[in-house]
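Peer 1: Sharing a structure, written as structure tokens. Questions coming.
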Amino acid sequence: MQVKNTKKNKNILILGGLGSIGLEISKKFYDNDYNIEIIDKKKITIQNKKKYYFLDKIKYYKINLIKNKIKIDLSNFDFIIYSIGLTTHIENTNNNKKTIGSNLISSLNFLSSKSLKKFKGKMIYFGSTHQYGNIIKISEGACFQPLDYQSISKCSSEYFFKKCSSDFKFNLLILRFPNIYGFKDNIQKNDQGLFLNLINQAKSQKKIHLFDSRRFRHFLHIDDLKDILYEIIDNKIFINELNIKGQKILIKKVAKIIANETKAKIIFHKMPVEYRKISINNQIISTKVFNKYFKMYKFKDIKKYIKKLL
Numbered sequence: 002m003q004v005k006n007t008k009k010n011k012n013i014l015i016l017g018g019l020g021s022i023g024l025e026i027s028k029k030f031y032d033n034d035y036n037i038e039i040i041d042k043k044k045i046t047i048q049n050k051k052k053y054y055f056l057d058k059i060k061y062y063k064i065n066l067i068k069n070k071i072k073i074d075l076s077n078f079d080f081i082i083y084s085i086g087l088t089t090h091i092e093n094t095n096n097n098k099k100t101i102g103s104n105l106i107s108s109l110n111f112l113s114s115k116s117l118k119k120f121k122g123k124m125i126y127f128g129s130t131h132q133y134g135n136i137i138k139i140s141e142g143a144c145f146q147p148l149d150y151q152s153i154s155k156c157s158s159e160y161f162f163k164k165c166s167s168d169f170k171f172n173l174l175i176l177r178f179p180n181i182y183g184f185k186d187n188i189q190k191n192d193q194g195l196f197l198n199l200i201n202q203a204k205s206q207k208k209i210h211l212f213d214s215r216r217f218r219h220f221l222h223i224d225d226l227k228d229i230l231y232e233i234i235d236n237k238i239f240i241n242e243l244n245i246k247g248q249k250i251l252i253k254k255v256a257k258i259i260a261n262e263t264k265a266k267i268i269f270h271k272m273p274v275e276y277r278k279i280s281i282n283n284q285i286i287s288t289k290v291f292n293k294y295f296k297m298y299k300f301k302d303i304k305k306y307i308k309k310l311l
């Protein structure tokens with residue numbers, strides 16, 4: 002019988018803990034002997050419980066931060082991870098009300114919690130490398146040039162978090178990262194991610210439709226995010242901002258891997274006008290700060306992951 006190591010016993014509150022990212026992060030820390038509590042606007046489902054066994058063993062608060070404020074005592078936690086908010090950009094270009102509510106309004110309601118003034122732990126806010134817009138060379142100190150409602154609301158939320166951190170004297174880490182992939186289960190059709198979208202096209206239509214043959218994207222495997230976040234918390238890495246580059250790959254290369262395995266045809270289309278303005282194809286994300294703390298870190302191989310999906 003394996004005996005659990007109980008030397009940690011640090012308390013972590015994860016907001017957005019029932020989201021795809023939040024659940025994986027919660028499991029990582031629970032399995033490593035941290036005390037986990039979750040806040041989310043969604044209910045815990047039977048499907049959640051089947052995969053994430055720990056949900057029956059932790060405290061869960063059903064709170065919709067777009068409409069309500071938090072009344073629990075935040076000063077009881079050693080760490081707070083803020084993982085609330087929409088993370089897709091192109092899909093939410095024309096839905097500014099939903100985007101602003103999910104990101105900005107929920108942030109303001111959280112930051113207005115009275116007990117936050119007594120919080121003396123470390124707060125981690127999940128930002129996005131999309132916030133930099135079309136800036137070519139990106140570093141932690143670069144100015145933002147948000148190009149869509151999603152990025153604007155994320156930038157605004159980040160500034161409010163920084164202001165509260167300064168006013169209330171708690172440690173804050175802004176963690177910005179690109180598109181997350183690698184979830185083991187197929188998620189909802191409208192949020193299935195680029196890889197599954199292309200695979201489904203190839204299998205159902207024998208065609209893969211792409212915009213522009215020169216587009217590339219940065220990707221970060223969910224296991225990479227969990228490992229990096231765990232190292233930051235477990236090794237007490239104190240830093241104010243960190244950009245995670247992940248891996249950069251041409252979308253065309255991804256499509257070719259899928260097409261070769263499925264015998265599908267790739268069809269290129271002209272990029273719609275409304276999406277051209279939020280193109281971030283030229284981003285070069287600096288790894289200077291990241292390498293200072295994670296110099297030997299190796300990211301998961303995207304190509305191997307795609308082939309496993311097929």
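To convert, count from 1 in the sequence shown and add 1; that's my numbering.
Heads up, the beta-carbon is just placed ideally off N, CA and C, and yes, glycines get one too.
(1) Quick check: I101 and G17, are their CB atoms within less than 8 Å of each other?
(2) For S157, which of helix, strand or coil comes out of DSSP?
(3) At 4 residues or longer, what runs of the alpha helix (DSSP H) sit wholly inside the region 43 to 107?
(4) So for F291, helix, strand or coil by DSSP?
(5) In whole angstroms, give me the CA-to-CA distance for N244 and T46.
(6) Between the Cα of K52 and those of I238, D34, S27, spot the shortest distance and give me the residue it belongs to.
(7) Where does Q248 sit, in a helix, a strand or coil, going by DSSP?
(8) Leaving out five residues before and five after F178 in sequence, what residues of the same chain have Cβ atoms less than 6 Å from its Cβ?
(9) Mark K207 as exposed unless 16 or more other C-beta atoms lie within 10 angstroms of its C-beta, in which case mark it buried.
(10) Can you tell me whether L174 is helix, strand or coil according to DSSP?
(11) Here's a check: name, in chain order, each residue in its chain whose Cβ is nearer than 7 Å to the Cβ of K305, leaving out the five neighbours to either side.
(12) Check the C-beta distance from F127 over to L176 and give it rounded, since I have them as a contact under 8 Å.
(13) Work out the CA separation of F78 and I13 for me, nearest whole Å.
(14) Whether or not the region 149 to 161 and the region 220 to 234 are in contact is what I'm after, with contact meaning three or more pairs of Cβ atoms, one per stretch, closer than 8 Å; do they touch?
(15) Report the residue from F295, D74, N69 whose alpha carbon sits nearest the alpha carbon of E38.
(16) Hey, could you find the ends of the alpha helix (DSSP H) K305 is sitting in?
(17) Roughly how many angstroms lie between the CA atoms of G122 and I81, to the nearest whole one?
(18) Report the residue from Q48, Y35, I106 whose alpha carbon sits nearest the alpha carbon of I67.
(19) Report the CB separation of I267 from K138 in whole angstroms; it is logged as a contact under 8 Å.
(20) Among the candidates Y62, K29, I136, whose CA atom is the shortest distance from the CA of I229?
(21) Under a three-way DSSP split, which group does L243 fall into?
(22) Would you identify the three-state DSSP class for G18, choosing helix, strand or coil?
(23) Start and end of the alpha helix (DSSP H) containing N198?
(24) Between which two residues does the beta strand (DSSP E) carrying Y182 extend?
(25) So who's on the other strand from Y126, going by DSSP bridges?
(26) Enumerate in chain order the residues of its own chain whose CB-to-CB distance from F269 is below 6 Å, with the five nearest sequence positions on each side excluded.
(27) Is the separation between the beta-carbon of K63 and that of L56 shorter than 8 Å?
(28) Assign C144 to buried or exposed, taking buried as 16 or more other Cβ atoms, counted over all protein chains shown, within 10 Å of its Cβ.
(29) How big is the Cα-Cα spacing for S116 and S140?
Peer 2: Based on what the coordinates show:
(1) Residue 101 sits at position 100 when you count from the first residue of the sequence shown. Residue 17 sits at position 16 when you count from the first residue of the sequence shown. No, Cβ-Cβ distance for I101 and G17 is not below 8 Å.
(2) Residue mapping note: residue 157 aligns to position 156 of the sequence shown, counting from 1. In this structure, S157 counts as helix in the three-state DSSP scheme.
(3) Correct list: 47 to 52, 97 to 101.
(4) Counting from one through the sequence shown, the residue named residue 291 turns up at place 290. In this structure, F291 counts as helix in the three-state DSSP scheme.
(5) Counted from its first residue, the sequence shown places residue 244 at position 243. Counted from its first residue, the sequence shown places residue 46 at position 45. Looking at the two C-alpha atoms, the distance is approximately 33 Å.
(6) Residue mapping note: residue 52 aligns to position 51 of the sequence shown, counting from 1. Selected option, being the one with the closest Cα: S27.
(7) Numbered from its first residue, the sequence shown carries residue 248 at position 247. Strand, per DSSP.
(8) Stepping through the sequence shown from its first residue, residue 178 is reached at position 177. Excluding sequence neighbours, F178 sits near L221, I245.
(9) For the purposes of this step, residue 207 is taken as the residue at position 206 of the sequence shown. Answer is exposed; the Cβ neighbour count stays below 16.
(10) What you label residue 174 is simply residue 173 of the sequence shown in a count that begins at 1. Strand, per DSSP.
(11) Position 304 of the sequence shown, counted from the first residue, corresponds to residue 305. Answer for K305: no residue qualifies.
(12) Mapped onto the sequence shown, residue 127 falls at position 126. Mapped onto the sequence shown, residue 176 falls at position 175. Beta-carbon to beta-carbon, F127 and L176 are separated by about 6 Å, close enough to satisfy the 8 Å threshold.
(13) Walking along the sequence shown from the start, residue 13 turns up at place 12. Walking along the sequence shown from the start, residue 78 turns up at place 77. In this structure, the CA atom of I13 is about 6 Å from the CA atom of F78.
(14) no
(15) Here residue 38 corresponds to residue number 37 of the sequence shown, with the count starting at 1. It is D74.
(16) Here the question's residue 305 lines up with position 304 in the sequence shown. Residues 303 to 310.
(17) Reading the sequence shown from its first residue, position 121 is the one you call residue 122. Reading the sequence shown from its first residue, position 80 is the one you call residue 81. Cα to Cα, G122 sits roughly 8 Å from I81.
(18) As a working note, residue 67 is residue 66 in the sequence shown. Answer by Cα proximity: I106.
(19) Start at 1 with the first residue of the sequence shown, and residue 267 comes out as number 266. Start at 1 with the first residue of the sequence shown, and residue 138 comes out as number 137. So it is not a contact: roughly 31 Å between Cβ atoms.
(20) Within the sequence shown, numbered from 1, the residue matching residue 229 stands at position 228. In terms of Cα proximity to I229, the closest of Y62, K29, I136 is K29.
(21) Taking the sequence shown and counting its residues from 1, the one referred to as residue 243 is at position 242. Assignment of L243 by DSSP, reduced to helix, strand and coil, places it in the strand class.
(22) Here residue 18 refers to the residue found at position 17 of the sequence shown. The answer is coil: DSSP assigns G18 none of H, G, I, E or B.
(23) Taking the first residue of the sequence shown as 1, we reach residue 198 at position 197. 194 to 206 is the extent of the alpha helix (DSSP H) around N198.
(24) Here the question's residue 182 lines up with position 181 in the sequence shown. First-last of the beta strand (DSSP E) with Y182: 180 to 182.
(25) The residue given as residue 126 occupies position 125 in the sequence shown. DSSP, once it has assigned bridges, lists Y83, I175 as partnering Y126.
(26) Translated into positions along the sequence shown, residue 269 becomes position 268. Short of 6 Å from the beta carbon of F269, and not among the five residues preceding or following it, lie these beta carbons of its own chain, in chain order: L211, S214.
(27) Taking the first residue of the sequence shown as position 1, residue 63 is located at position 62. Taking the first residue of the sequence shown as position 1, residue 56 is located at position 55. No, Cβ-Cβ distance for K63 and L56 is not below 8 Å.
(28) Taking the first residue of the sequence shown as position 1, residue 144 is located at position 143. By the neighbour-count rule (16 or more Cβ atoms within 10 Å), C144 is not buried but exposed.
(29) Residue mapping note: residue 116 aligns to position 115 of the sequence shown, counting from 1. Residue mapping note: residue 140 aligns to position 139 of the sequence shown, counting from 1. Whole-angstrom Cα-Cα distance: 33 Å.
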